[in-house]
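Take the sequence shown: its letters are residues 1 to 109, numbered as in full-length UniProt numbering. Right, one structure below, let's go through it.
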Amino acid sequence: MIGIKDADPEYLATSYDIDCKYCHSPRKLNFYYYYSYSYFGFLKVFPLGKSFYSQCQSCKHFLQEAAFDDQYRAELNNYRDRAKLPWTLYIGPVLIGYWLISSLISSLF
Ligand SMILES: [Zn+2]
1 MIGIKDADPE YLATSYDIDC KYCHSPRKLN FYYYYSYSYF GFLKVFPLGK
51 SFYSQCQSCK HFLQEAAFDD QYRAELNNYR DRAKLPWTLY IGPVLIGYWL
101 ISSLISSLF
């Protein structure tokens with residue numbers, strides 16, 4: 001009913017500028033992202049952060065963002081803004097904000 005999950009990874013972009021660090025195959029590096037969220041019933045109600053990784057199309061080597069070097073990170077920064085979260089993830093923060101503001105107002109009067 002209530003818990004935390006990772007969403008399925010979504011394709012972000014393919015890089016044509018950098019070589020794979022492992023097989024050195026040029027021009028074939030895909031970037032993906034996924035997000036973690038808390039859920040309530042069927043609703044995703046609170047965002048808990050985005051994660052990024054890359055995968056080489058040749059050797060299928062998988063690399064989490066934490067292991068990126070400067071070149072990979074700079075390339076990812078070109079695409080980072082494309083990683084969108086579903087709007088339902090903001091229901092939780094909006095409800096909490098509404099609750100905080102309304103309890104603040106009612107404590108003042
Ligand atoms: Zn590779």
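Each residue gets a CB set at the ideal place from its N, CA and C atoms; glycine is no exception. In this text the structure is predicted, and so the values were computed from the model without any measurement.
- Message: Going by beta-carbon coordinates alone, are serine 38 and valine 45 separated by less than 8 Å?
- Response: yes
- Query: Is any heavy atom in ligand 1 found nearer than 7 Å to the beta carbon of serine 58?
  - Reply: yes
- Query: For glutamate 10, which beta-bridge partners are listed by DSSP?
  - Reply: Tyr33
- Should phenylalanine 42 be labelled buried (16 or more other beta-carbon atoms within 10 Å of its own) or exposed? exposed
- Item | Close-in-space but distant-in-sequence residues of the same chain around cysteine 56 (CB under 7 Å, 5 per side omitted) | Cys20, Tyr22, Cys23, Ser25, Lys28 and Leu29
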